[in-house]
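Scroll down for the structure; my scribbles are underneath it.
2 protein chains.
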Amino acid sequence: MPTIDTGAVRAWLAGLQDRITGAIEALDGPARFLEDRWQKAPGEPLQGDGVTKILEGGAVFERAGVGFSHVRGPRLPPSATQHRPELAGAPFEAMGVSLVFHPLNPYVPTVHMNVRMIAAADACWFGGGMDLTPYYGFEDDCVHFHAVCRDALAPFGGDKYPRFKQWCDEYFFNKHRGEPRGIGGIFFDDFAEGGAEHGFALIRAVGDAFLPAYLPIVERRRAMPWGERERDHQRVRRGRYVEFNLVWDRGTHFGLQSGGRTESILLSMPPQVAWRYQYQPHPGSPEAALTERFLPPRAWI
Amino acid sequence: MPTIDTGAVRAWLAGLQDRITGAIEALDGPARFLEDRWQKAPGEPLQGDGVTKILEGGAVFERAGVGFSHVRGPRLPPSATQHRPELAGAPFEAMGVSLVFHPLNPYVPTVHMNVRMIAAADACWFGGGMDLTPYYGFEDDCVHFHAVCRDALAPFGGDKYPRFKQWCDEYFFNKHRGEPRGIGGIFFDDFAEGGAEHGFALIRAVGDAFLPAYLPIVERRRAMPWGERERDHQRVRRGRYVEFNLVWDRGTHFGLQSGGRTESILLSMPPQVAWRYQYQPHPGSPEAALTERFLPPRAWI
Chain A
85 MPTIDTGAVR
95 AWLAGLQDRI
105 TGAIEALDGP
115 ARFLEDRWQK
125 APGEPLQGDG
135 VTKILEGGAV
145 FERAGVGFSH
155 VRGPRLPPSA
165 TQHRPELAGA
175 PFEAMGVSLV
185 FHPLNPYVPT
195 VHMNVRMIAA
205 ADACWFGGGM
215 DLTPYYGFED
225 DCVHFHAVCR
235 DALAPFGGDK
245 YPRFKQWCDE
255 YFFNKHRGEP
265 RGIGGIFFDD
275 FAEGGAEHGF
285 ALIRAVGDAF
295 LPAYLPIVER
305 RRAMPWGERE
315 RDHQRVRRGR
325 YVEFNLVWDR
335 GTHFGLQSGG
345 RTESILLSMP
355 PQVAWRYQYQ
365 PHPGSPEAAL
375 TERFLPPRAW
385 I
Chain B
85 MPTIDTGAVR
95 AWLAGLQDRI
105 TGAIEALDGP
115 ARFLEDRWQK
125 APGEPLQGDG
135 VTKILEGGAV
145 FERAGVGFSH
155 VRGPRLPPSA
165 TQHRPELAGA
175 PFEAMGVSLV
185 FHPLNPYVPT
195 VHMNVRMIAA
205 ADACWFGGGM
215 DLTPYYGFED
225 DCVHFHAVCR
235 DALAPFGGDK
245 YPRFKQWCDE
255 YFFNKHRGEP
265 RGIGGIFFDD
275 FAEGGAEHGF
285 ALIRAVGDAF
295 LPAYLPIVER
305 RRAMPWGERE
315 RDHQRVRRGR
325 YVEFNLVWDR
335 GTHFGLQSGG
345 RTESILLSMP
355 PQVAWRYQYQ
365 PHPGSPEAAL
375 TERFLPPRAW
385 I
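Those protein sequence lines, which keep their order, are chains A and B.
Read left to right, the first sequence gives residues 85 to 385 (our numbering).
Read left to right, the second sequence gives residues 85 to 385 (our numbering).
So, in structure tokens, the structure goes:
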């Protein structure tokens, strides 16, 4: 048995999902999250349950999905045991919360956050992070988002933010375009340093920092006027988001290939997307500034 | 050296691309294909060249891409040698034409066609096919498309159409949704039966059958009136096309992961796409008929 009360982790995760959807509903106005409780059918390779919450067509959020899931499996998949060969094939338990929010206004950035725990035999390890994908670059927003990430990680050692920031830059990268997905944030995986309680405290710090990291940016940008030009740019850039998630993101790609719940995995897909050949914003435009000045990895703070 | 004049194959492929784009321009009206000639830079792992042709914003076609490419590499990739272990690591040459057309009118189906040849040492083998992805089902269109495919393959033996039809149904399948991409057509890979000239004749038959298979369907449907309802359905169904190409299609997925020319590989992406949670057309509607009656694999002729 893992040296952590997995019921307490589950309760915290479910509460996090509720707190976040509550705050988003309060911010969005009348729109409400639809709630889908699901349970794996007996006989499926993974057993477990989850709650998928999705808001579509809101005033601020065109599509916002937050998923909670808690599954048990008979054998750890090879991808999870490369750093732990002694646990190959052991029964496991995995739980987490994952979200992607796609705002309607192109001046409001898309955001992703995830916290998760995997437990097998007497070991458990943690992963997660959050990252921001703007369509228009605002220095203030990038600095704010990274500062909240840094402050959340500070109690766990000064090395964590720089390490997890770099990890994020490396992970959320569209190799086929030589381009980062967004302006980064923090990402970590396979974290077991300091024991289970330390790891749980770490994902709590990340989960709790999400609303303070993101909501002030939404508040600053939500009333900015936009038109077809901005919308068009947003749709094409969202295509890059789709490319990353379906081609490179391990969770999405292997989730779909291994029989995960499709509609829950694809909560991250943007609502309206466009592809255009050799999309090139006019040199000197704010659209060009995004790729030239904001996406290349930078020390934001 | 392969027992075939690769220059003749190249000339035929380049001619096929021109014939098809010429016919599409004639049908579309004033819109013209943009033409991008590209060449791999010295020092890149693959050497070679190609011509990418793309028409965007036409009257009939919202996005239509046709790519020709001809590359040489120092070592056959493992994916190409699983049936030919004796050629593992041999220098190779690959050429082909690939197209995807996304019409604007949701009553006109999307279509895909590909013909290709790979040569290594004294062996060469062929692959390709064509398949149709309608947004609204019309029995006549499915029968016509499959009949032209069957007739094109008839000179190569009566077994070819049933074999290649089934292969197509199996290949163009979104496993994560338990749903075929479209109503099928023909697909084959690693074809070396009967020698190189026989294989070349086979891809000529397939390439030459493309316009007769597809254009009559476009002519029948292009003037059908449509509105936001049909357009919306089309956008969501196009999302399934994106999912197939980025998650399951070996050519696309490995092309992007192995450093292929991104904009040429992604010619297949639809111009405008939507994702919506648990999209379910009204029971009894023409939109529901697509998934209920047309997509499940059927003997069309």
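Virtual Cβ for every residue (Gly too), placed ideally from N, Cα, C.
Task: Where the alpha helix (DSSP H) through A:GLU281 begins and ends - done: 280-305 is the span of the alpha helix (DSSP H), which, as asked, contains A:GLU281.
TODO: Out of B:ASP215, B:ASP243, B:ARG306 and B:LEU379, point me to the one whose CA is closest to B:VAL290's CA.
DONE: Considering only alpha carbons, the answer is B:ASP215.
- [ ] Tell whether a beta-carbon distance below 8 Å holds between B:ASN258 and B:GLU170.
- [x] In this structure, B:GLU170 does not lie closer than 8 Å to B:ASN258 by Cβ.
Task: Min CB distance B:TYR325 to chain A below 8 Å - done: No, B:TYR325 does not count as interfacial toward chain A.
TODO: Could you list which residues in chain A have their beta carbon closer than 7 Å to that of B:VAL138, in chain order?
DONE: The displayed chain sequence assigns Ile, not Val, to residue 138 of chain B. Residues of chain A whose Cβ lies closer than 7 Å to the Cβ of B:ILE138 are, in chain order, TYR361.
Open item on the list: If you reduce the DSSP assignment to three classes, tell me which class B:TRP122 lands in.
Closed with: The answer is strand: DSSP assigns B:TRP122 an E or B state.
- [ ] Mind checking which residues open and close the beta strand (DSSP E) that includes A:HIS196?
- [x] Segment 194-204, the beta strand (DSSP E) holding A:HIS196.
Open item on the list: Does B:ARG147 come out as helix, strand or coil in the three-state DSSP assignment?
Closed with: B:ARG147: strand per DSSP, three-state reduction.
Open item on the list: Which residue wins for smallest C-alpha separation from B:ALA205, given the options B:GLY142, B:GLY157, B:TYR325 and B:ASP273?
Closed with: It is B:GLY157 whose Cα lies nearest to the Cα of B:ALA205.
TODO: Verify the CB distance criterion: does A:ARG261 have a CB-CB separation below 8 Å to chain B?
DONE: A:ARG261 counts as touching chain B.
Open item on the list: Checking 8 Å against the spacing of the C-beta atoms, do B:LEU340 and A:HIS260 come in under that value?
Closed with: Going by beta carbons, B:LEU340 and A:HIS260 fall inside the 8 Å limit.
Task: Beta carbon proximity, B:GLN318 to chain A, threshold 8 Å - done: Not closer than 8 Å to any Cβ of chain A, the Cβ of B:GLN318 fails to qualify, so no.
Open item on the list: Closer than 7 Å between beta carbons: that is the criterion. Which residues of the region 342-375 of chain A meet it against chain B?
Closed with: For the region 342-375 of chain A, the residues whose beta carbon sits under 7 Å from a beta carbon of chain B are, in order, THR346, GLU347, LEU350, MET353, PRO354, PRO355, GLN356, VAL357, ALA358, TRP359, ARG360, TYR361 and GLN362.
Open item on the list: Taking the beta carbon of A:GLU347 as the centre, do at least 16 other beta carbons fall within 10 Å, making it buried, or is it exposed?
Closed with: Classification for A:GLU347: buried.
Task: Cβ of A:LEU97 within 8 Å of any chain B Cβ - done: Contact with chain B is absent for A:LEU97, since none of that chain's Cβ atoms lies less than 8 Å from the residue's Cβ.
Open item on the list: Looking at B:ILE267: is its Cβ nearer than 8 Å to the Cβ of B:LEU379?
Closed with: Yes.
Task: Residues near A:ASP316 in its chain [Cβ-Cβ closer than 8 Å; skip 5 each side] - done: For A:ASP316, where only same-chain residues beyond five positions count, the Cβ hits under 8 Å are ALA358.
- [ ] Return the CA-CA distance between B:PHE210 and B:GLY173, expressed in angstroms with no decimal places.
- [x] Looking at the backbone, the Cα of B:PHE210 and that of B:GLY173 are separated by about 19 Å.
Task: A:GLN356 - containing beta strand (DSSP E), residue span - done: First-last of the beta strand (DSSP E) with A:GLN356: 356-358.
Task: 8 Å contact criterion, which A:ALA207 and A:ALA276 should meet: CB distance rounded - done: About 7 Å separates the CB atoms of A:ALA207 and A:ALA276; that is less than 8 Å, so the two are in contact.
TODO: Measuring alpha carbon to alpha carbon, tell me which of B:GLU223, B:PRO370 and B:GLY151 ends up nearest B:TRP384.
DONE: Among B:GLU223, B:PRO370 and B:GLY151, the Cα nearest to that of B:TRP384 belongs to B:GLU223.
Open item on the list: Which residue wins for smallest C-alpha separation from A:PRO354, given the options A:ARG322, A:SER369 and A:ALA107?
Closed with: When only C-alpha atoms are compared, the closest one is A:ARG322.
- [ ] Would you mind telling me which residues of chain A sit closer than 9 Å to B:VAL331, beta carbon to beta carbon, in chain order?
- [x] Here the neighbours are LEU330, VAL331, THR336, HIS337, LEU340 and GLN341.
Open item on the list: Within a Cβ cutoff of 7 Å, which residues of the same chain sit near B:LEU160, ignoring the five residues on either side of it in sequence?
Closed with: Sequence-distant partners of B:LEU160 (beyond 5 residues in either direction) whose C-beta falls short of 7 Å from its own C-beta, in its chain, are LEU171, ALA172, GLY173, ALA174, PHE176 and ALA204.
- [ ] Measure the C-alpha to C-alpha separation of B:ARG147 and B:GLY91 and round it to an integer number of angstroms.
- [x] Within the model, the alpha-carbon separation for B:ARG147 versus B:GLY91 is close to 30 Å.
Task: Whole-angstrom distance between B:ASP112 and B:ALA143, CA atom to CA atom - done: Roughly 6 Å separates the two Cα atoms.
Task: Limits of the alpha helix (DSSP H) - the one that A:ALA98 falls within - done: Residues 90-112.
- [ ] Output the boundary residues of the beta strand (DSSP E) element that contains B:ILE267.
- [x] That residue, B:ILE267, is in no beta strand (DSSP E); it is neither H nor E in DSSP.
Task: Host alpha helix (DSSP H) of A:VAL331 (start-end) - done: No alpha helix (DSSP H) contains A:VAL331, which DSSP labels as neither H nor E.
Open item on the list: In this structure, how does DSSP classify A:ALA238 when only helix, strand and coil are distinguished?
Closed with: Three-state DSSP puts A:ALA238 in a helix.
Open item on the list: Checking 8 Å against the spacing of the C-beta atoms, do B:ILE270 and B:LEU237 come in under that value?
Closed with: In terms of Cβ geometry, B:ILE270 and B:LEU237 form a close pair [threshold 8 Å].
TODO: Could you pull out every unbroken beta strand (DSSP E) segment of at least 3 residues lying fully inside the region 158-187 of chain B, listed in chain order?
DONE: Correct list: 176-187.
Task: Nonlocal neighbours in the same chain, by C-beta distance under 6 Å from A:PRO370, ignoring five residues either side - done: Leaving aside the five residues that flank A:PRO370 on each side, the residues in its chain whose CB is nearer than 6 Å to its CB run, in chain order, TYR220.
Open item on the list: Taking 8 Å as the threshold (C-beta atoms), are A:ILE104 and A:LEU295 in contact?
Closed with: In this structure, A:ILE104 lies closer than 8 Å to A:LEU295 by Cβ.
- [ ] Please classify A:VAL227: is it buried, with 16 or more other beta-carbons within 10 angstroms of its beta-carbon, or exposed?
- [x] Per the 10 Å Cβ criterion, exposed.
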